[in-house]
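Below you'll find the structure, written out as C-alpha cells, and then a few comments.
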Amino acid sequence: MTARDKLAINGGSKAVRTAPGDIFTWPIITKEDEDAVLEVLRRGGMSGTDVTVELEREFADWHGMQYALGHSTGTAALQAAMWGIGLGVGDELIAPSMTYWASALPAFSLQATVVFAEVEADTLCLDPDDIERHITDRTRAIMVTHLRGYPAPMDRIVPVARKHDLKIIEDFSQAQGSHHKGQLVGTFGDVGACSLMSGKSLAAGEAGMLITNDRRIWERAIVWGHRERTAATRWTGELQEKYITDPELVPYAGYPWGGYKYRTHQLSSAVGRVQLKYYGERMADIDKAMTYFWNLLEEIPGIRAHRPPRDEGSDMGGWFGARGLYVAEELGGASVDRFCEAVRAEGVQAAAPHRRPMLHLHPLFNEADIYGHGKPTRIANSDRDMRQPEGSLPVTEGLYDRVLGVPWFKHFDKTIIEEHALAFYKVAENSDQL
Ligand SMILES: Cc1ncc(COP(=O)(O)O)c(C=O)c1O
Numbered sequence: 103m104t105a106r107d108k109l110a111i112n113g114g115s116k117a118v119r120t121a122p123g124d125i126f127t128w129p130i131i132t133k134e135d136e137d138a139v140l141e142v143l144r145r146g147g148m149s150g151t152d153v154t155v156e157l158e159r160e161f162a163d164w165h166g167m168q169y170a171l172g173h174s175t176g177t178a179a180l181q182a183a184m185w186g187i188g189l190g191v192g193d194e195l196i197a198p199s200m201t202y203w204a205s206a207l208p209a210f211s212l213q214a215t216v217v218f219a220e221v222e223a224d225t226l227c228l229d230p231d232d233i234e235r236h237i238t239d240r241t242r243a244i245m246v247t248h249l250r251g252y253p254a255p256m257d258r259i260v261p262v263a264r265k266h267d268l269k270i271i272e273d274f275s276q277a278q279g280s281h282h283k284g285q286l287v288g289t290f291g292d293v294g295a296c297s298l299m300s301g302k303s304l305a306a307g308e309a310g311m312l313i314t315n316d317r318r319i320w321e322r323a324i325v326w327g328h329r330e331r332t333a334a335t336r337w338t339g340e341l342q343e344k345y346i347t348d349p350e351l352v353p354y355a356g357y358p359w360g361g362y363k364y365r366t367h368q369l370s371s372a373v374g375r376v377q378l379k380y381y382g383e384r385m386a387d388i389d390k391a392m393t394y395f396w397n398l399l400e401e402i403p404g405i406r407a408h409r410p411p412r413d414e415g416s417d418m419g420g421w422f423g424a425r426g427l428y429v430a431e432e433l434g435g436a437s438v439d440r441f442c443e444a445v446r447a448e449g450v451q452a453a454a455p456h457r458r459p460m461l462h463l464h465p466l467f468n469e470a471d472i473y474g475h476g477k478p479t480r481i482a483n484s485d486r487d488m489r490q491p492e493g494s495l496p497v498t499e500g501l502y503d504r505v506l507g508v509p510w511f512k513h514f515d516k517t518i519i520e521e522h523a524l525a526f527y528k529v530a531e532n533s534d535q536l
C-alpha cells in the first residue's frame, strides 16, 4: 500500500478506483429465499406460526438454548424479555447509554425505569466496573448490548449480576453469531433478545427473536403477546394460579396480558430460515474481508480497529455496521468530521462519525411525561430522581467524537478492500493537509 501525496479532498486522485459491485449488498437474497416466501404466500400462511416455530427451533439449536420465541420486531422481543424476567413498577434496569433506544425505552411501558452506566472506550459495550455504583435496592436487571458486532465482556458482567442477584438481558440485535471467549452472545444471561430486521447481519425482514433456558421466562413471553401460543405453555405455577384458575377455560385462555400481538410475520420467518442456513458461511466471508481490512490498517495513527482479541476465542459475528475508534490527538487534533469528509472524498461512503444521541441526555428519558403522570416518566414510579445530567457519564460522552463508520464488506475482494484501506491510510498519513 502506498499513500499518494495529495488528498482527494484537495484535488488529488481518489484511493478507491474500483466499483464496489455487490461487496456491500445485504442481505444476500437468492431464489431459495424467494421460493420460501412464495410457498408461504401461496398457501396463505402469513399469519400462521408453523414456519416461525421451525425458525425458533433452528435458532435455539444454534445457540444451544432450550427455548426460542419469534417476535414481530426486536423491540417487541426486548419488551417481552423485560416483562419475562419480572421487570415491573418502580424497578430499575441498568443499561448502557450508548445503545439503540429499544434496549432501554420499553422499560417505561412496564412502569419501570432506566439507570444508565458507562460503556468501555475500546469495546463500546457496558463497562463491568461501572455497574455496581448504579445498583440500588430497586435494581432488578442489567441490559447488555453487544454493540456493532462486539461481544460484551460477559465474563466480568455475569459475576456482578450474580453477586447482587440481578437478572441479565442480552440485546444481541447487532451481534448475532458473535462469541465472547468461545461462547455465543445471547446465551450468557437469563434471556437474550435480538432484532432480525433487514439491516441487521442476520436479516429476516421485520422480526425479532427471544431465547432462554428458563421455561418461566419463555412462558411469560408467550403470555405477554402471543395469544395463539398460550396452549403450548404448561401454565405452571404463578401463571396457572393468576391467569386461569378454571381448567375449563384453558382453551380460551389466550388473552395476552400485555395487550400486544407480537407474532412474527411468516414471510419474514421463511426468509429468516434461509438466511440462518447460510449465515455461518456468510459470516466467514465477512470476517475474512473485515480482518484483512483491519490488518492493513494495524499500524497507522489515528484509527483503531473495533474488534476483540482473537486468541481468547472472541469474534465479531457478522460485523454488523462495522465501526472504528478515532484518536484525534494522533492526527494533529483533526476533527472526526473532517477526517471522515476526507476519507469519503477518497471514495469510502461508509466513513462518517458514529453519533447517536446519548440516551441519558435525551429529553425523552429526562423530561417527557409519556403516560400522563404529571412528571417525567423516568421518575414517575420512583421515590428517587435517578436522572443523569451532562458530565455524569464522561467516558460515554467522550466517545461522541471518537467512533466512526468503516466499510462493512460482505465478501473478500483483495483489490477493493485494499483501496478502501488505502483511503484511511492516505488521510491518516497526510493529516497535515486536513
Ligand atoms: C441494539 C438494538 N436493539 C434493538 C433494536 C430494535 O430492533 P427492531 O428494529 O427489530 O425493533 C435494534 C435495531 O433496530 C438494535 O440495533
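Here the sequence shown stands for residues 103 to 536, numbered as in the working numbering.
Think of the CB as a built atom: it goes at the ideal place given N, C-alpha and C, for glycine as much as any other residue.
According to the neighbour-count rule (16 or more other Cβ atoms, all chains shown, within 10 Å of its Cβ), is residue i buried or exposed?
i	result
K363	exposed
I472	exposed
V191	exposed
H328	buried
N397	exposed
N483	buried
D485	exposed
G251	buried
A277	buried
D439	exposed
Q451	exposed
G434	exposed
T517	exposed
H173	buried
S115	exposed
L143	exposed
D152	exposed
H165	buried
For the candidate residues the options, whose alpha-carbon lies nearest to that of residue i?
i	options	result
S297	G284, A263, Q168, T247	T247
M299	E414, K283, A178	A178
A305	G279, A523, V529	G279
I244	Y252, E220, V139, R365	E220
L427	E414, R409, G434	R409
Y357	R331, R458, P208	R331
W359	I324, G382, A525	I324
R425	P403, A454, E401, G435	A454
E432	N532, W203, F218	N532
L461	R489, E443, G310, N112	R489
T314	W185, Y169, G307, L466	Y169
I130	R384, G449, V260, A182	R384
R457	L463, R504, R412	R504
V262	D232, F274, P253	D232
A430	K390, Y394, Y502, T393	Y502
A309	E401, I405, L157	L157
K265	G420, R144, G188, T241	T241
K390	E414, F511, H464, T289	F511
A204	W164, E222, L249, P491	L249
A386	H513, E141, G294	H513
L109	W128, E448, G507	E448
I125	D515, D534, L536, D273	D515
K379	G123, M148, T132	T132
G150	R365, V445, L466, D413	R365
I271	G123, P465, M167, I187	I187
F467	T215, D267, A162, I319	T215
In the DSSP assignment, find the alpha helix (DSSP H) that holds residue i and state where it starts and stops.
i	result
S211	208 to 211
C442	438 to 447
A323	317 to 327
G176	176 to 186
K269	Not the alpha helix (DSSP H): K269 falls in the beta strand (DSSP E), residues 269 to 273.
I196	Element bounds for I196: not the alpha helix (DSSP H) but the beta strand (DSSP E), 194 to 198.
M256	256 to 265
L157	152 to 165
H522	516 to 531
L427	Where L427 is concerned, there is no enclosing alpha helix (DSSP H), although the beta strand (DSSP E) it sits in stretches over 425 to 428.
Mind checking which residues open and close the beta strand (DSSP E) that includes residue i?
i	result
F218	215 to 219
L171	169 to 173
A306	No beta strand (DSSP E) contains A306, which DSSP labels as neither H nor E.
I244	241 to 247
Counting Cβ pairs, one atom from each stretch, are 3 or more of them under 8 angstroms apart for the stretch 364 to 379 and the stretch 495 to 502?
Contact fails: fewer than three Cβ-Cβ distances are below 8 angstroms.
Runs of beta strand (DSSP E) wholly within the stretch 371 to 417 (minimum 3 residues, chain order)
Within the stretch 371 to 417, the beta strand (DSSP E) runs of at least 3 residues that lie entirely inside it are, in chain order, 405 to 407.
Does the contact criterion of 3 or more C-beta pairs under 8 angstroms hold for the stretch 222 to 233 versus the stretch 194 to 212?
Yes, the stretch 222 to 233 touches the stretch 194 to 212.
With a cut-off of 8 angstroms, do at least 3 Cβ pairs link the stretch 479 to 486 to the stretch 518 to 526?
Fewer than three Cβ pairs drawn from the stretch 479 to 486 and the stretch 518 to 526 lie within less than 8 angstroms of each other, which leaves the two stretches out of contact.
Is it a yes or a no for the stretch 136 to 153 touching the stretch 284 to 294, going by three-plus beta-carbon pairs under 8 angstroms?
In short, these stretches do not touch, since the Cβ pair count stays below three.
Give, in chain order, every unbroken run of the alpha helix (DSSP H) that is at least 4 residues long and sits entirely within the stretch 108 to 149.
Those alpha helix (DSSP H) runs which fall completely within the stretch 108 to 149 and span 4+ residues are 133 to 144.
Three CB pairs or more closer than 8 angstroms across the stretch 203 to 214 and the stretch 173 to 187
When Cβ pairs closer than 8 angstroms are counted between the two stretches, the stretch 203 to 214 is seen to touch the stretch 173 to 187, the count reaching three or more.
What residue ranges within the stretch 443 to 500 form continuous alpha helix (DSSP H) runs of no fewer than 4 residues, ordered along the chain?
The stretch 443 to 500 contains these whole alpha helix (DSSP H) runs: 465 to 468, 479 to 482, 496 to 500.
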